[in-house]
Amino acid sequence: MSSEIKSIKKDKKRCWKALFFDLDGTLVYTLPSLTRASNDMLEHYGLAEISEDEMLPLVGYGARRQVEGLLKYRGAAKDISIDEAHAVYLQVFQERCTYRNRPYPGLTDLLFDAQEAGLRLGILTNKPDEMAQKVSHKSYPLDLFELIQGELPGVPLKPDPSSLLQACDKLGLGAEECLYVGDSEVDIAYARNAGCPCCSVLWGYRDEALLRKENADFYARSVEDFRRLLGL
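Per numbering that gives the first Met the number 0, the sequence shown starts with residue 0, numbered consecutively.
Have a look at this one:
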């Protein structure tokens, strides 16, 4: 059995009534689509392309911050409007958001088993909501998730806990009754700010050493680790 889950008590597992997931790097490998749309935006301004490896640290804080990071990384002129570049990115991302995406192997079966065991499932992501819906619906069966929410006007992005707390309210649950599952330091802070336990998966977009420093409640190196964590 993995060292990540040896010390988990059964009574702690049984208290969870819902699982909320990050999307990019947690449920779906989306790096090709994020990189392709970013390069379309950079090309619009005559800037050099970025590689998938270079893209990794820019993902997770929302599209606008991602665009800002891309322009800074490429040394773009300060007269380029972030708002305008953000709008260009969103326009191309509508077409690119499912480009070469793939769900992580084994997760579909695990999610169906979790649902059958009575756990309610949702997705809470910083990806723009329209694209979050497209990516989720293309990657997983529609009847798996009770709630899918991306970036919406007036709702602060992660790590602000507002969207997680609102989602718990919608399901009639307390944050302590839910488990948030993500692959980044943003997700750990998001769950902690809401008073929600967090499982950090190690198959996503962040280095393990970075995630260990953030002290998530649980870690899962593989889908099988996560399955054992849930007792499925």
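Virtual Cβ for every residue (Gly too), placed ideally from N, Cα, C.
In three-state DSSP terms, what is cysteine 14? Taking the first residue of the sequence shown as 1, we reach residue 14 at position 15. Coil, per DSSP.
Nearest-angstrom Cα distance between arginine 95 and proline 102? Here the question's residue 95 lines up with position 96 in the sequence shown. Here the question's residue 102 lines up with position 103 in the sequence shown. Take the alpha-carbon of arginine 95 and the one of proline 102: they are about 16 Å apart.
For arginine 191, the residue or residues it bridges with in DSSP: Along the sequence shown, one-based indexing puts residue 191 at 192. In the DSSP output, where bridge partners are listed per residue, arginine 191 has none listed.
Inter-stretch contact (C-beta, 8 Å, three-pair minimum) for the region 159 to 175 and the region 108 to 117: In this structure the region 159 to 175 does not lie against the region 108 to 117, because fewer than three pairs of beta carbons, one per stretch, are closer than 8 Å.
Once you ignore the five residues that flank alanine 47 on each side, which residues in its own chain have a CB closer than 8 Å to its CB? The count along the sequence shown starts at 1 and reaches residue 47 at position 48. The residues are Leu41 and Arg73.
Roughly how far, in whole angstroms, is the beta-carbon of methionine 54 from the beta-carbon of leucine 30, given that I think they are within contact range, below 8 Å? Translated into the one-based positions of the sequence shown, residue 54 becomes position 55. Translated into the one-based positions of the sequence shown, residue 30 becomes position 31. The pair is a contact, with the Cβ atoms about 6 Å apart (cut-off 8 Å).
Could you compute how far the alpha carbon of tyrosine 28 sits from the alpha carbon of histidine 136? Looking up residue 28 in the sequence shown gives position 29. Looking up residue 136 in the sequence shown gives position 137. Cα-Cα distance, rounded: 14 Å.
Give every residue of the same chain whose Cβ lies closer than 8 Å to the Cβ of aspartate 159, excluding the five residues on either side of it in the sequence, and list them in chain order. Along the sequence shown, one-based indexing puts residue 159 at 160. Excluding positions up to five away in sequence, the list reads Tyr189 and Asn192.
Can you give me the start and stop residues for the beta strand (DSSP E) that arginine 227 sits inside? Here residue 227 refers to the residue found at position 228 of the sequence shown. Unbroken run through arginine 227 is the alpha helix (DSSP H), 222 to 229; no beta strand (DSSP E).
So, using beta-carbon positions, are threonine 107 and leucine 22 closer together than 7 Å? Numbered from its first residue, the sequence shown carries residue 107 at position 108. Numbered from its first residue, the sequence shown carries residue 22 at position 23. No, the Cβ-Cβ distance between threonine 107 and leucine 22 is not below 7 Å.
6 Å CB neighbourhood of phenylalanine 225 in its chain, flanking five on each side removed: Locating residue 225 in the sequence shown gives position 226, counting from the first residue. Excluding residues within five positions, the ones whose Cβ falls inside 6 Å are Ala219.
Pick helix, strand or coil for tyrosine 44, following the three-state DSSP scheme. Position 45 of the sequence shown holds residue 44. For tyrosine 44, the three-state secondary structure derived from DSSP is coil.
Taking a contact to mean a Cβ-Cβ separation below 7 Å, would you say leucine 120 touches leucine 18 in this structure? On the sequence shown, position 121 is the one that residue 120 refers to. On the sequence shown, position 19 is the one that residue 18 refers to. Taking 7 Å as the cut-off, the beta carbon of leucine 120 is found closer than this to the beta carbon of leucine 18.
For the beta strand (DSSP E) that cysteine 177 lies in, which residues bound it at each end? The residue labelled residue 177 in the question sits at position 178 within the sequence shown. Segment 177 to 181, the beta strand (DSSP E) holding cysteine 177.
Rounded to whole angstroms, what is the Cα-Cα separation between arginine 205 and histidine 43? Taking the first residue of the sequence shown as position 1, residue 205 is located at position 206. Taking the first residue of the sequence shown as position 1, residue 43 is located at position 44. Going by the C-alpha atoms only, they are around 28 Å apart.
Exposure of cysteine 197, with buried meaning 16 or more beta-carbon neighbours within 10 Å: The residue labelled residue 197 in the question sits at position 198 within the sequence shown. The residue is buried, with at least 16 neighbouring Cβ atoms inside 10 Å.
Measuring only the C-alpha atoms, how far is asparagine 214 from isoleucine 187? Working through the sequence shown from its first residue, we reach residue 214 at position 215. Working through the sequence shown from its first residue, we reach residue 187 at position 188. About 8 Å.
Buried or exposed for arginine 211, going by 16 or more other Cβ atoms inside 10 Å? Along the sequence shown, read from residue 1 onward, the residue named residue 211 stands at position 212. Exposed is the call here.
Beta-carbon separation of glutamate 150 and glycine 61 under 7 Å? Numbered from its first residue, the sequence shown carries residue 150 at position 151. Numbered from its first residue, the sequence shown carries residue 61 at position 62. A contact, by the Cβ cut-off of 7 Å.
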